[in-house]
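Scroll down for the structure; my scribbles are underneath it.
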Amino acid sequence: MSSENTANPTYPPSSDLVANAHANEATYDAMYEASISDPEAFWGEHGKRIDWIKPFTKVKNTSFEPGNVSIKWFEDGTLNVAANCIDRHLKTRGDKTAIIFEPDNPEEPAQHITYKELHRRVCRMSNILEDMGVRKGDRVVLYLPMIPEAAYAMLACARIGAIHSIVFAGFSPDALSARINGSDAKVLITADYAPRGGRQTPLKSNADAALLHTKDSVKCLVVKRTGGQTTWVDGRDFDYNEMALEADEFHTPAEMNAEDPLFILYTSGSTGQPKGVVHCSGGYLVFASMTHEYVFDYKEDDIFWCTADVGWVTGHSYIVYGPLANGATTLMFEGVPTYPDASRFWQVCEKHKVNQFYTAPTALRALMGQGNSFVESCDLSSLRILGTVGEPINPEAWNWYNDVVGGGRCPIVDTWWQTETGGHLLTPLPGAHATKPGSAMKPFFGVQTVVLDPHSGEEIHTYPCEGVLCLKDSWPSQMRTVWGDHERFEKTYFSDYKGYYFAGDGCKRDEDGDYWITGRVDDVINVSGHRMGTAEVESALVAHAKVAEAAVVGYPHDIKGQGIYCYVTLMNGVEPSDELTKELRTWVRTEIGPIASPDLIQWAPGLPKTRSGKIMRRILRKIAEDDFGSLGDTSTLAEPGVVDDLIENRMNKG
Ligand code: ATP
Ligand code: MG
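Heads up: the sequence shown runs through residues 1 to 654, numbered per the UniProt record's numbering.
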């Protein structure tokens, strides 16, 4: 249901949802106010949502002061994260399904792993890792498919107190060895092969290649996913499946300090060289579990599905740690949205009666381009809440998600956050807020977002306004440092605007106080003195019926200072033509105004994206500037061939 105002339509939650949600508008307002006015009291209370071995007496000890940045939460408490995600549920939820595993091949049966089974598996993995010499504080790199063993391995590390660092299985041997060396890891856990979209990535042979460039002492634990052929180095390689048969199924979880690191995870590399983000045990788990419960309005018997890979922070917080800390049933999907065909996501929702579905705009745009029949052939009546993360969602994709996938019944939570933030910072709550297509809406409890004037660095208090998005104070799951480089941490996030955490993104705040992410600050373009977020022009392009996806960057323009350069991917079956170029120009002029008129439109069969599906605009900027020689760090690029094609097209245009 949409309100009268068509310029900025709002979608209020149904009265049923409001009545039953964890938070309605009044609850949100009261809790938010309490969390800001007295963070000590608020988090002192909500910190108790997880189990502590030794309860904390100190809540918050944080400083954003340049040269002295330090972030500590619950610093004298001790706990074990794995025990919170498993052991504490055994009495009441032992036979409940913790993990549903849906394999790549739809013919292969799904698995339902109960909390009891999860406990056995994780204990065995913990004992195996200890036998291999892993101790508290050691680093373990995971390079695994989306299989339950990935969750076992994460939780086994947490149980021992070892620090995991997951490398997405699509990365190359080079990226893998860099991350093994970067953290001086003792053990690499991998699989023989990773089935994905009907193909098999030879993970073990990639691992072999990576291990040529690491210390000889690094050991390799191999999960046999397919049983396919691999080479084997005796003394270095260990067979997980064989060892798990023998391993003891009991293991005593280590007592960890709240501030002991839980994991290292690299950012996506959209804007430059990836940063090794460090997250710690206590505050991270409190915030991941609390956001999972409130943002998805999670209830005890729900089936929760986050489609991210565990190689990204979204997978860490909302496939594994948040849901399992809450005793939820979480779905792990090994495959891709388009295999065997573009209805796979929806078939999985139907098959497992998914209640909350959480995905990325890039997946939605790709599926939207395939037409509605793939969605309409599935029964999606179990869905209650839809979520999105990773990039600004264009209103066009939002509306499609809302109408076609959600049948107009399901609130969409557009969650803005980062690897660095550990959990959601801006998002609507389903029962509390009337959503707006394209808006990430409100700060979560305890989150003090502010809009700064990019030039003066002063806070803007008026509404509506636009500027850079910063955080005025800490929240429990804030990253603590860059692994091995605290200086880079301070420099990257705390030096541009003194006393604030600078997210790197720009935003608008509308008359209702709702936030709209306008994209990376680096992506703002200045056309004849008018500052413009590229997201806005992209949204206008994607709103055209023939456009599937678009990326917009600025390039040097003699008269305007910067011109608007658009890379456009057309819908399946649509042919590029000069008429279409004209049509799109007129379209954007009418949608936004003459100032936003595209100067150049290049047809792009594919766009350069990170392996987590984000458009790498910095590369597109270089191509638009005819600067092909220095594309920067491309190690996290999903399909390098796309870049070569774009360069070739650009050169042909002259
Ligand atoms: P790097 O920091 O290495 O350049 P990255 O910023 O893409 O890579 P992530 O931590 O995976 O690494 O992504 C966080 C960024 O993703 C945010 O800063 C923001 O730009 C974007 N983002 C995430 N969620 C949203 C959202 N809901 N709306 C708009 N943008 C989002
Ligand atoms: Mg970033």
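Even for Gly, the Cβ is constructed at its ideal location relative to N, Cα and C.
Q. Which one or two residues does DSSP pair with ASN257 in a beta bridge?
A. By one-based count along the sequence shown, residue 257 stands at place 257. Beta bridge pairing from DSSP links ASN257 with THR78.
**Q.** Segment contact, 8 angstroms Cβ cut-off, at least three pairs: the stretch 437-446 with the stretch 568-581
**A.** Counting Cβ pairs under 8 angstroms, fewer than three are found: no touch.
Q.
For the alpha helix (DSSP H) containing LYS351, name the first residue and the last one.
A. Within the sequence shown, the letter at position 351 stands for residue 351. Per DSSP, the unbroken alpha helix (DSSP H) holding LYS351 starts and ends at 344-352.
Q.
Shorter than 8 angstroms, the distance from the beta carbon of PRO411 to the closest heavy atom of the ligand ATP, or not?
A. Stepping through the sequence shown from its first residue, residue 411 is reached at position 411. The ligand ATP has no heavy atom closer than 8 angstroms to the beta-carbon of PRO411.
Q) What did DSSP end up calling ASP558 once you bin it into helix, strand or coil? A) Here residue 558 corresponds to residue number 558 of the sequence shown, with the count starting at 1. In the displayed model, ASP558 falls within coil according to three-state DSSP, outside both helix and strand.
Q) Contact check, LEU469 vs CYS410 under 8 angstroms by CB: the rounded distance? A) Working through the sequence shown from its first residue, we reach residue 469 at position 469. Working through the sequence shown from its first residue, we reach residue 410 at position 410. That belief does not hold up - the Cβ atoms of LEU469 and CYS410 are roughly 27 angstroms apart, past 8 angstroms.
Q: Less than 8 angstroms between the CB atoms is what I'm expecting for THR569 and THR610, so what's the real figure, rounded?
A: Within the sequence shown, residue 569 is the residue found at index 569, counting from 1. Within the sequence shown, residue 610 is the residue found at index 610, counting from 1. Not quite, the Cβ-Cβ distance comes to about 16 angstroms (not below 8 angstroms), so this is no contact.
Q) DSSP state of GLU102, grouped into three classes? A) Numbered from its first residue, the sequence shown carries residue 102 at position 102. Here GLU102 sits in strand by DSSP.
Q | Length of the line joining the Cα atoms of TRP483 and THR634 | A | Against the sequence shown, residue 483 aligns to sequence position 483. Against the sequence shown, residue 634 aligns to sequence position 634. C-alpha separation (whole angstroms): 21 angstroms.
Q.
At a cut-off of 8 angstroms, would you count ILE319 as near the ligand ATP, judging by its Cβ distance to the nearest heavy atom?
A. In the sequence shown, counting from the first residue as 1, residue 319 sits at position 319. No, the beta carbon of ILE319 sits no closer than 8 angstroms to any heavy atom of the ligand ATP.
Q. Quick one: is the Cβ of GLU420 within less than 8 angstroms of any heavy atom of the ligand MG?
A. For the purposes of this step, residue 420 is taken as residue 420 along the sequence shown, with counting starting at 1. Yes, since a heavy atom of the ligand MG falls inside the 8 angstroms radius drawn around the Cβ of GLU420.
Q: Answer yes or no: the CB of THR267 versus the heavy atoms of the ligand MG, is any distance below 8 angstroms?
A: As a position in the sequence shown, residue 267 is number 267, starting the count at 1. In terms of side-chain proximity, the C-beta atom of THR267 is found nearer than 8 angstroms to a non-hydrogen atom of the ligand MG.
Q) How is VAL295 classed by DSSP in three states: helix, strand or coil? A) In the sequence shown, counting from the first residue as 1, residue 295 sits at position 295. In the structure shown, VAL295 sits in a helix (DSSP, three-state: H, G or I).
**Q.** Segment contact, 8 angstroms Cβ cut-off, at least three pairs: the stretch 597-617 with the stretch 358-365
**A.** Per the Cβ contact rule, the stretch 597-617 is in contact with the stretch 358-365 (3 or more Cβ pairs under 8 angstroms).
Q: Within the same chain, show all residues whose beta-carbon is closer than 6 angstroms to that of THR57, passing over the 5 residues directly before and after it, in chain order.
A: Position 57 of the sequence shown holds residue 57. Closer than 6 angstroms at Cβ, skipping near neighbours: ASP76.
Q. Cβ of THR329 within 9 angstroms of Cβ of ILE99?
A. Stepping through the sequence shown from its first residue, residue 329 is reached at position 329. Stepping through the sequence shown from its first residue, residue 99 is reached at position 99. Going by C-beta atoms, THR329 is nearer than 9 angstroms to ILE99.
**Q.** Cβ-Cβ separation, ALA550 to GLU538 (assumed contact under 8 angstroms), whole Å
**A.** Reading the sequence shown from its first residue, position 538 is the one you call residue 538. Reading the sequence shown from its first residue, position 550 is the one you call residue 550. Right, the Cβ-Cβ distance comes to about 5 angstroms (below 8 angstroms), so this counts as a contact.
**Q.** Euclidean distance between Cα positions of ALA110 and CYS378
**A.** Within the sequence shown, residue 110 is the residue found at index 110, counting from 1. Within the sequence shown, residue 378 is the residue found at index 378, counting from 1. When rounded, the distance between both Cα atoms is 18 angstroms.
Q. In chain order, what residues of the same chain lie with their CB nearer than 6 angstroms to the CB of ASP138, ignoring the 5 residues before and after it?
A. Along the sequence shown, one-based indexing puts residue 138 at 138. So the qualifying residues of the chain are ALA162 and LYS186.
Q.
Which of the three DSSP states is assigned to PRO195 in this structure?
A. Position 195 of the sequence shown, counting from 1, holds the residue named residue 195. In this structure, PRO195 counts as strand in the three-state DSSP scheme.
Q: Give me whichever residues DSSP pairs with ARG480 in a beta bridge.
A: Here residue 480 refers to the residue found at position 480 when the sequence shown is read from its first residue. DSSP lists no beta-bridge partner residue for ARG480.
Q. Roughly how many angstroms separate the alpha carbons of GLY182 and VAL277, rounded to a whole number?
A. Position 182 of the sequence shown, counted from the first residue, corresponds to residue 182. Position 277 of the sequence shown, counted from the first residue, corresponds to residue 277. Each residue's Cα considered, the two are about 12 angstroms apart.
Q: Taking all protein chains shown into account, decide if ARG365 is buried (16 or more other Cβ within 10 angstroms of its Cβ) or exposed.
A: Stepping through the sequence shown from its first residue, residue 365 is reached at position 365. Buried, since its Cβ has 16 or more Cβ neighbours within 10 Å.
Q.
Give me the residue from PHE502, ASP309 and ALA535 with the minimum Cα distance to ALA397.
A. Here residue 397 corresponds to residue number 397 of the sequence shown, with the count starting at 1. Between ALA397 and the set PHE502, ASP309 and ALA535, the nearest pair of CA atoms involves ALA535.
Q | Element boundaries [alpha helix (DSSP H), containing ARG159] | A | For the purposes of this step, residue 159 is taken as residue 159 along the sequence shown, with counting starting at 1. Element bounds for ARG159: 148-160.
**Q.** Straight-line gap, VAL222 to TYR152 (C-alpha atoms, nearest Å)
**A.** Residue 222 sits at position 222 when you count from the first residue of the sequence shown. Residue 152 sits at position 152 when you count from the first residue of the sequence shown. CA-CA distance, VAL222 to TYR152, rounds to 13 angstroms.
Q | GLY423 Cβ short of 8 angstroms to the ligand ATP heavy atom set | A | Stepping through the sequence shown from its first residue, residue 423 is reached at position 423. No, since every heavy atom of the ligand ATP falls outside the 8 angstroms radius drawn around the Cβ of GLY423.
**Q.** the ligand MG heavy atom lying under 8 angstroms from the CB of GLY504
**A.** Position 504 of the sequence shown, counting from 1, holds the residue named residue 504. At least one heavy atom of the ligand MG is nearer than 8 angstroms to the Cβ of GLY504, so yes.
**Q.** Residue from ILE385, ASP104 and LYS622 whose Cα sits closest to the Cα of ASP341
**A.** By 1-based counting over the sequence shown, the position of residue 341 is 341. Each of ILE385, ASP104 and LYS622 was checked against the Cα of ASP341, and the nearest Cα belongs to ASP104.
**Q.** Unbroken beta strand (DSSP E) run spanning ASN526, endpoints
**A.** Looking up residue 526 in the sequence shown gives position 526. Segment 525-527, the beta strand (DSSP E) holding ASN526.
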